[in-house]
Amino acid sequence: DFEWFRDVLERESTRVNIPPLPGKVFTNRFSDEVIEQRREGLERFLQIVAGHPLLQTGSKVLAAFIQDPNFSRDSYNY
Numbered sequence: 001d002f003e004w005f006r007d008v009l010e011r012e013s014t015r016v017n018i019p020p021l022p023g024k025v026f027t028n029r030f031s032d033e034v035i036e037q038r039r040e041g042l043e044r045f046l047q048i049v050a051g052h053p054l055l056q057t058g059s060k061v062l063a064a065f066i067q068d069p070n071f072s073r074d075s076y077n078y
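Structure (structure tokens):
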């Protein structure tokens, strides 16, 4: 869902440079260390995106993704 979220955010917010997601790991991807690194990378991504003033006020997908506990990309209209 993060890849989908980033793609929609990028289409929705053409004036903002959306940061890349952390890279995927294909070896040892289930190790605790790799999982923690991925979690930290995704958290940094969300902090940057959520902290951007233009996205805070102008992004519908950001508000839905972060605030709606029942968020589903299938039910989101963009």
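Residue numbers for the sequence shown follow the UniProt record's numbering, so the first one is 1 and each next one is one higher.
Ideal Cβ placement from N, Cα and C applies to all residues, glycine included.
Note that the structure is predicted; figures quoted are calculated from it, not measured.
Test item: CB-CB of residue i and residue j under 7 Å
| i | j | result |
| --- | --- | --- |
| residue 21 | residue 2 | yes |
| residue 12 | residue 61 | yes |
| residue 54 | residue 16 | yes |
Contacting residues, own chain, Cβ-Cβ under 7 Å from residue i (five flanking each side not counted)
| i | result |
| --- | --- |
| residue 64 | 71 and 76 |
Residue i: first and last residue of the uninterrupted alpha helix (DSSP H) it sits in
| i | result |
| --- | --- |
| residue 57 | 53–58 |
| residue 29 | Counting along the chain, residue 29 falls outside any alpha helix (DSSP H), and DSSP gives it neither H nor E. |
| residue 9 | 2–12 |
From the options, residue whose alpha carbon lies closest to that of residue i
| i | options | result |
| --- | --- | --- |
| residue 45 | 18, 10, 8 and 73 | 18 |
| residue 10 | 66, 59 and 68 | 59 |
| residue 42 | 73, 69, 23 and 8 | 23 |
Contacting residues, own chain, Cβ-Cβ under 8 Å from residue i (five flanking each side not counted)
| i | result |
| --- | --- |
| residue 52 | 16 |
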